[in-house]
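Engineer: In the working numbering, the protein residues as written are 97 to 548.
For every residue, glycine included, the Cβ atom is placed at its ideal position computed from N, Cα and C.
Since the model is a prediction, treat every value here as computed from it, not as a measurement.
Below is one structure. I have some questions about it.
Structural data, given as structure tokens:
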């Protein structure tokens, strides 16, 4: 028996003692999930134990140790601390007689969904290939399909919404064969239909598709027979990515698969939007670091170059430097000068907006902390306090990108998760988002006044 199982067994037995001799009403069966993997399968299944202790009697062998309510509360706050439990309630002081019946309840779907949620909250959850393989294994357990394959890509649809760079999220089934899944030559493909109608598409057998495009042909050649493709959208229902589930066996997916899809799609939408925003923040930070003020008409070139630098830094490390940018036969028609003191005013405006933003975040997180026992909420509350203290000392370009990244890529995904899991907190989260600039995703009042 591993340490966790021992700790839970001790806690269960000691909780029975608390109920029997100390007048407590402790729930005897804390959640404990057993993981089972049959020898002939790579799929994991999860079971929760349900104990029936109706026919168990506890006999006291020695005088009871005096415990205050404070002592008991301390025990219940440290349910895995075996040393503390043995000290407060010595097992040798009691005997247990009778029969315990335990039922194992299959919670594979619920546990897989829970693991998927927490995995997608991780940074770079949909960027690194290794993370995609972990997500794929979780989805195999969730759908109970041993040969399920997961594909994921970030896109912009319609094409005119495309940005001047990629998002480093190309894990779709045809990433090595098609630079652009929505290329005009693939009009009428499964991917194009999903984007055009903004709806999930199920293909039971790709070999039976009439008038296949090169997309369907290449999918079959890559070993995919049964396919689900779903659009991933942002808060304004714009398509920002595609999720693929595939199998080498025909008829693996059908209309019943949609019932399970509805629970996972919002999670992937949040994850891919967060990763896209993080890439955007990194690009803007490089532009501020390496270049001076730029005109909107040539911004695309700076964005493209900054993205290339971002990729080179991953391979070469910090020594990689930004490329110089020049335009043939392009001449400036006006000059722009910095007004004395304007930088100070700008920084003060940014400080004020960030502090306002962080205060609003603290209000929502404090409210959520009253309803949810999530340690990450307390962690982010402390981090928000630290950011506010640092901002009180001044602000640099590094501070600006760091605080913005904290707000948009760490806090906002958690708020989205709170709104999804706790409808009673949705209004508080919505009120927070209503205070943000719809484009920047942060409070932008003082700086907007300065720029206007």
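Assuming the contact rule is C-beta atoms closer than 8 angstroms, residue 450 and residue 499 should be a hit. Round their C-beta distance to whole Å, please.
Structural biologist: Position 354 of the chain shown holds residue 450. Position 403 of the chain shown holds residue 499. Between residue 499 and residue 450 the Cβ distance is about 5 angstroms, and since that is below 8 angstroms, they are a contact.
Engineer: Would you mind sorting residue 327 into buried or exposed? The rule is 16 or more other CB atoms within 10 Å of its CB.
Structural biologist: Within the chain shown, the letter at position 231 stands for residue 327. Classification of residue 327: buried, given that the 10 Å Cβ count is 16 or more.
Engineer: Measure the alpha-carbon distance for residue 510 versus residue 244 and round it to whole angstroms.
Structural biologist: Here residue 510 refers to the residue found at position 414 when the chain shown is read from its first residue. Here residue 244 refers to the residue found at position 148 when the chain shown is read from its first residue. Using only the alpha carbons, I get a separation of about 28 angstroms.
Engineer: Within 10 angstroms of its Cβ, does residue 218 collect 16 or more other Cβ (buried), or is it exposed?
Structural biologist: In the chain shown, counting from the first residue as 1, residue 218 sits at position 122. Residue 218 comes out exposed.
Engineer: Using DSSP with H/G/I as helix, E/B as strand and the rest coil, what is residue 399?
Structural biologist: Stepping through the chain shown from its first residue, residue 399 is reached at position 303. If DSSP states are grouped into helix, strand and coil, residue 399 belongs with the helices.
Engineer: If you measure between the beta carbons of residue 200 and residue 118, is that distance less than 8 angstroms?
Structural biologist: Taking the chain shown and counting its residues from 1, one reaches residue 200 at position 104. Taking the chain shown and counting its residues from 1, one reaches residue 118 at position 22. No, Cβ-Cβ distance for residue 200 and residue 118 is not below 8 angstroms.
Engineer: Just to check, is the beta-carbon of residue 339 closer than 7 angstroms to a non-hydrogen atom of the ligand GTP?
Structural biologist: Absence of the ligand GTP is noted for the structure shown, with no ligands found whatsoever.
Engineer: Quick one: any contact between the region 329-339 and the region 366-375, if contact means 3 or more CB pairs under 8 angstroms?
Structural biologist: Because the criterion of three Cβ pairs below 8 angstroms is met, the region 329-339 and the region 366-375 touch.
Engineer: Measure from the alpha carbon of residue 233 to the alpha carbon of each residue in 111, 341, 316 and 190, then state which is nearest.
Structural biologist: The residue given as residue 233 occupies position 137 in the chain shown. Checking every option, the nearest Cα to that of residue 233 belongs to 341.
Engineer: How big is the Cα-Cα spacing for residue 224 and residue 249?
Structural biologist: Residue mapping note: residue 224 aligns to position 128 of the chain shown, counting from 1. Residue mapping note: residue 249 aligns to position 153 of the chain shown, counting from 1. C-alpha separation (whole angstroms): 12 angstroms.
Engineer: Does DSSP put residue 221 in a helix, in a strand, or in coil?
Structural biologist: In the chain shown, residue 221 corresponds to position 125, counting from 1. Three-state DSSP puts residue 221 in coil, outside helix and strand.
Engineer: Could you tell me which uninterrupted alpha helix (DSSP H) segments, each at least 4 residues in length, are contained entirely in the region 456-543, listed from first to last along the chain?
Structural biologist: If we require 4 residues or more, the alpha helix (DSSP H) runs fully inside the region 456-543 come out as 471-488, 493-501, 508-517 and 522-530.
Engineer: Identify whether residue 198 lies in helix, strand or coil by the three-state DSSP scheme.
Structural biologist: On the chain shown, position 102 is the one that residue 198 refers to. In the structure shown, residue 198 sits in a strand (DSSP, three-state: E or B).
Engineer: Roughly how many angstroms lie between the CA atoms of residue 538 and residue 240, to the nearest whole one?
Structural biologist: Within the chain shown, the letter at position 442 stands for residue 538. Within the chain shown, the letter at position 144 stands for residue 240. The straight-line gap from Cα to Cα measures roughly 41 angstroms.
Engineer: Kindly provide the ranges of any beta strand (DSSP E) runs that are 3 or more residues long and lie completely inside the region 146-188, ordered along the chain.
Structural biologist: The qualifying runs do not exist here; there are none.
Engineer: What are the residues that DSSP puts in a beta bridge with residue 364?
Structural biologist: Numbered from 1 along the chain shown, position 268 holds the residue referred to as residue 364. Note: residue 364 sits in no beta bridge, so no partner.
Engineer: For residue 208, which residues from the same chain have a beta carbon less than 6 angstroms from its beta carbon, with the 5 sequence-adjacent residues on both sides left out?
Structural biologist: As a first step, residue 208 is located in the chain shown; it is residue number 112 there, counting from the start. Correct list, in chain order: 234, 237 and 238.
Engineer: Look up residue 325 in the DSSP assignment and say whether it is helix, strand or coil.
Structural biologist: The sequence position of residue 325 within the chain shown is 229, counting from 1. The answer is strand: DSSP assigns residue 325 an E or B state.
Engineer: Which residue wins for smallest C-alpha separation from residue 330, given the options 294, 299, 105 and 311?
Structural biologist: As a first step, residue 330 is located in the chain shown; it is residue number 234 there, counting from the start. Among 294, 299, 105 and 311, the Cα nearest to that of residue 330 is on 294.
Engineer: Provide the residue(s) that pair with residue 281 in DSSP beta bridges, ordered along the chain.
Structural biologist: Numbered from 1 along the chain shown, position 185 holds the residue referred to as residue 281. Looking at the DSSP assignment, residue 281 forms no beta bridge with any residue, so it has no partner.
Engineer: How about residue 349 and residue 288: are their beta carbons less than 8 angstroms apart?
Structural biologist: Position 253 of the chain shown holds residue 349. Position 192 of the chain shown holds residue 288. Contact flag unset, no.
Engineer: Expressed to the nearest angstrom, what Euclidean distance is found between the alpha-carbon atoms of residue 323 and residue 515?
Structural biologist: Residue 323 sits at position 227 when you count from the first residue of the chain shown. Residue 515 sits at position 419 when you count from the first residue of the chain shown. Roughly 31 angstroms separates the two Cα atoms.
Engineer: What residues in its chain sit with their C-beta under 6 angstroms from that of residue 96, if we drop five residues either side in the sequence?
Structural biologist: No statement about residue 96 is possible, as the shown extent of the chain runs from 97 to 548 and does not include it.
Engineer: Per DSSP, which one or two residues make a beta bridge with residue 130?
Structural biologist: In the chain shown, counting from the first residue as 1, residue 130 sits at position 34. For residue 130, which the question treats as bridged, DSSP gives the partners 143.
Engineer: Please classify residue 264 as buried or exposed, where buried requires at least 16 neighbouring CB atoms within 10 angstroms.
Structural biologist: What you label residue 264 is simply residue 168 of the chain shown in a count that begins at 1. Residue 264 comes out buried.
Engineer: Hey, residue 192 and residue 109 are a contact pair by Cβ (cut 8 angstroms); roughly how many whole angstroms apart?
Structural biologist: Indexing the chain shown from 1 puts residue 192 at position 96. Indexing the chain shown from 1 puts residue 109 at position 13. That pair is a contact at about 7 angstroms.
Engineer: Would DSSP call residue 432 helix, strand or coil?
Structural biologist: To locate residue 432, count along the chain shown from 1; it is residue 336. Summary for residue 432: the model assigns pLDDT 48, below 50, so the residue's position carries little reliability, and this model does not support an answer.
Engineer: Let me check one thing: in DSSP terms, what residues is residue 446 bridge-paired to?
Structural biologist: Looking up residue 446 in the chain shown gives position 350. Residue 446 pairs with nothing; no bridge assigned.
Engineer: Within a Cβ cutoff of 8 angstroms, which residues of the same chain sit near residue 228, ignoring the five residues on either side of it in sequence?
Structural biologist: On the chain shown, position 132 is the one that residue 228 refers to. Cβ within range, chain order: 222, 246, 248 and 267.
Engineer: Considering only the alpha carbon of each residue, which of 205, 274, 536 and 132 lies closest to residue 357?
Structural biologist: Numbered from its first residue, the chain shown carries residue 357 at position 261. Among 205, 274, 536 and 132, the Cα nearest to that of residue 357 belongs to 205.
Engineer: Does residue 151 pass the burial test, meaning 16 or more other C-beta atoms within 10 Å, or should it be called exposed?
Structural biologist: Within the chain shown, the letter at position 55 stands for residue 151. When all chains shown are included, residue 151 counts as exposed.
Engineer: Determine the contact status of residue 444 and residue 213, defining contact as a CB-CB distance below 8 angstroms.
Structural biologist: Taking the first residue of the chain shown as position 1, residue 444 is located at position 348. Taking the first residue of the chain shown as position 1, residue 213 is located at position 117. Going by C-beta atoms, residue 444 is not nearer than 8 angstroms to residue 213.
Engineer: Tell me residue 247's beta-bridge partners as DSSP assigns them.
Structural biologist: Taking the chain shown and counting its residues from 1, the one referred to as residue 247 is at position 151. For residue 247, which the question treats as bridged, DSSP gives the partners 340.
Engineer: Determine the DSSP secondary structure at residue 124, reduced to helix, strand or coil.
Structural biologist: Position 28 of the chain shown, counting from 1, holds the residue named residue 124. The answer is coil: DSSP assigns residue 124 none of H, G, I, E or B.
Engineer: When the Cα atoms are used, what is the spatial distance from residue 146 to residue 123?
Structural biologist: The sequence position of residue 146 within the chain shown is 50, counting from 1. The sequence position of residue 123 within the chain shown is 27, counting from 1. Going from the Cα of residue 146 to the Cα of residue 123 covers about 12 angstroms.
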